[in-house]
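> Starting off with a structure, shown below.
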Amino acid sequence: MSFLSSCLLLALAATGTATSLQNHAANLRRYVDSLPLHEHSKMSHQEAMDHYLPNHHKRDFQPATFKGNFQKRNFNTIQSVYNLTVFPKNLFIFANKTEIGHPFFDQKVSGRVGPVGNFSGYEDNIEYFWGLAPIPLGDTPSAFTKATVTQFTSGCPEVAASTVEFRMGFTDGPDDGKKIAVLKETAFWKFGPDGKITAYEASIPNLNNFVGKTTSPLGTIFKGGSFVPTTGQKDVIYDNLCGAHDLLCKDGFAQWFSKDECIAELKKKPFGTFDAVWGDNVVCRLVHVMLASIRPGHHCPHVGPTGGGKCVDVDPNVVYNDDVELYGQKQLFMCPSTD
Numbered sequence: 006m007s008f009l010s011s012c013l014l015l016a017l018a019a020t021g022t023a024t025s026l027q028n029h030a031a032n033l034r035r036y037v038d039s040l041p042l043h044e045h046s047k048m049s050h051q052e053a054m055d056h057y058l059p060n061h062h063k064r065d066f067q068p069a070t071f072k073g074n075f076q077k078r079n080f081n082t083i084q085s086v087y088n089l090t091v092f093p094k095n096l097f098i099f100a101n102k103t104e105i106g107h108p109f110f111d112q113k114v115s116g117r118v119g120p121v122g123n124f125s126g127y128e129d130n131i132e133y134f135w136g137l138a139p140i141p142l143g144d145t146p147s148a149f150t151k152a153t154v155t156q157f158t159s160g161c162p163e164v165a166a167s168t169v170e171f172r173m174g175f176t177d178g179p180d181d182g183k184k185i186a187v188l189k190e191t192a193f194w195k196f197g198p199d200g201k202i203t204a205y206e207a208s209i210p211n212l213n214n215f216v217g218k219t220t221s222p223l224g225t226i227f228k229g230g231s232f233v234p235t236t237g238q239k240d241v242i243y244d245n246l247c248g249a250h251d252l253l254c255k256d257g258f259a260q261w262f263s264k265d266e267c268i269a270e271l272k273k274k275p276f277g278t279f280d281a282v283w284g285d286n287v288v289c290r291l292v293h294v295m296l297a298s299i300r301p302g303h304h305c306p307h308v309g310p311t312g313g314g315k316c317v318d319v320d321p322n323v324v325y326n327d328d329v330e331l332y333g334q335k336q337l338f339m340c341p342s343t344d
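Note that the numbering used here has the sequence shown beginning at 6, numbered continuously upward.
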């Protein structure tokens with residue numbers, strides 16, 4: 006899973022180095038609407054593959070028909086999923102081109118990402134994989150410029166493990182192409198008989214430090230590389246978050262009666278940290294508010310007072326270990342015994 010347009014915007018806005026979150030939300034919508042592909046409300050599967058994965062016909066995306074090729078198939082599937090976090094390929098999710106995930110994810114896929122949460126179903130998972138990838142809007146445009154699977158193993162067709170490194174870099178201006186930081190994610194994957202991902206368990210270590218590094222490369226206002234907002238910076242964040250809610254969660258999707266109510270109630274909640282996003286806190290709502298531009302009916306409740314079942318307090322010892330609840334069984338990511 007890629008991380009995180011909303012968290013980067015939060016810190017940038019608080020430090021005065023980027024436009025506000027609500028302005029970013031408006032700019033994002035205008036930018037996506039201007040894409041040539043947006044003239045089609047939907048892309049066919051073939052059109053999506055041709056546009057976002059050129060030369061895909063030369064790759065082994067489909068299940069192998071002969072023994073021994075499953076490693077290549079599983080590697081290509083994982084690398085392709087991560088390739089779609091790299092700008093501008095990640096924009097398809099905002100233009101409703103959801104078919105691009107069909108070669109890779111099963112319709113009933115379930116996943117867990119520490120420290121973010123659990124996700125069930127096709128749309129939920131592709132949105133969190135690709136809808137949170139950084140988009141280079143604002144005064145210091147940056148995004149994932151490369152995603153490389155650096156470690157991989159697959160001892161059977163059903164299971165694989167991998168580590169990916171996301172290269173965060175500037176995408177414009179005098180520092181265009183310059184690396185800012187690297188984010189690492191390690192994951193276990195489960196594949197169905199058709200080669201599609203049916204489940205995964207991923208972990209992103211040191212996410213809070215990554216946010217600190219990418220929002221303040223010189224480390225002038227961050228402690229230990231992490232994002233530690235002052236009271237004044239938090240006030241800017243509350244204002245931006247509630248403003249983004251007003252822009253993206255309109256009419257029947259609104260969760261707050263007014264921006265003032267939103268700010269007042271959020272100030273009563275814990276601010277949170279990017280190393281423990283899952284909870285009834287402000288950071289969790291910052292993650293979810295940007296996804297409201299994709300599916301407001303689904304994501305706006307997560308920004309509201311109750312957290313909509315996502316931004317709610319949980320017992321980490323339970324939710325991160327209850328594999329039966331999420332996956333339907335324990336020991337899912339194990340190859341079948343050969344005994």
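We put the beta carbon where it would ideally sit given N, CA and C, even for glycine.
With a threshold of 8 Å, are at least 3 pairs of Cβ atoms found where one atom belongs to the stretch 158–168 and the other to the stretch 186–205?
yes
> Can you give me the Cβ contacts of F124 inside the same chain, cut-off strictly under 6 Å, excluding the 5 residues immediately before and after it?
G116, N130, Y133
> Run through the stretch 169–241 for me and flag every whole beta strand (DSSP E) of 3 or more residues, listed as ranges in chain order.
184–196, 202–208
> Quick check on this structure: which residue in R290, T278, H303 has the alpha carbon closest to the alpha carbon of G257?
H303
> Nearest-angstrom Cα distance between K183 and L89?
20 Å
> The beta strand (DSSP E) that contains T311, what's its start and end?
Here T311 belongs to no beta strand (DSSP E), and DSSP marks it neither H nor E.
> Within a Cβ cutoff of 7 Å, which residues of the same chain sit near R172, ignoring the five residues on either side of it in sequence?
Sequence-distant partners of R172 (beyond 5 residues in either direction) whose C-beta falls short of 7 Å from its own C-beta, in its chain, are F149, T150, K151, K184, V187.
> Apart from the five residues just before and just after F157, which ones in its own chain have a Cβ nearer than 6 Å to its Cβ?
F80, S167
> Give the straight-line distance between the Cα atoms of Y332 and G237, rounded to the nearest whole angstrom.
42 Å
> Note down the Cα distance separating F75 from I83, rounded to an integer number of angstroms.
Cα atoms of F75 and I83: separation of roughly 12 Å, rounded to the nearest angstrom.
> Hey, out of Y87, G106, A192, V288, whose CA is closest to T278's CA?
V288
> Give the range of the alpha helix (DSSP H) segment to which T82 is assigned.
Looking at the DSSP string, the run of the alpha helix (DSSP H) that includes T82 is 75–88.
> At 4 residues or longer, and completely inside the stretch 108–173: list those alpha helix (DSSP H) runs for me, N to C.
127–135
> As a quick exercise: from E266, K255, P321, pick the residue whose alpha carbon is nearest that of G284.
P321
> Look up A259 in the DSSP assignment and say whether it is helix, strand or coil.
coil
> In whole angstroms, what is the alpha-carbon distance linking H307 and A207?
So the alpha carbons of these two residues sit roughly 22 Å apart.
> Please state whether the Cβ-Cβ distance between C267 and C247 is less than 8 Å.
In this structure, C247 lies closer than 8 Å to C267 by Cβ.
> With H, G and I counted as helix, E and B as strand and the rest as coil, what does DSSP make of A100?
helix
> Per DSSP, A281 forms a beta bridge with which residues?
When beta bridges are read from the DSSP output, A281 appears opposite T278.
> Would you kindly work out how many angstroms separate the C-alpha atoms of A281 and V317, rounded to a whole number?
12 Å
> Tell me where the alpha helix (DSSP H) around C267 begins and ends.
264–271
> Return the residue from the list K77, L291, Y325, T311 that minimises the CA-CA distance to G200.
The candidate whose alpha carbon is nearest that of G200 is K77.
> Check whether the Cβ atoms of D111 and I202 sit closer than 8 Å, and answer yes or no.
yes
> Could you please give the first and the last residue of the uninterrupted alpha helix (DSSP H) stretch that includes Y325?
That residue, Y325, is in no alpha helix (DSSP H); it is neither H nor E in DSSP.
> Looking only at its chain, what residues have a beta carbon closer than 7 Å to the beta carbon of H50, apart from the 5 residues adjacent to it on each side?
Summary for H50: the model assigns pLDDT 47, below 50, so the residue's position carries little reliability; its value from the coordinates is reported in the next sentence. Closer than 7 Å at Cβ, skipping near neighbours: E104, H107.
> Would you mind sorting A192 into buried or exposed? The rule is 16 or more other CB atoms within 10 Å of its CB.
buried
> Just to confirm before moving on: does the CB-CB distance between F92 and I140 stay below 8 Å?
yes
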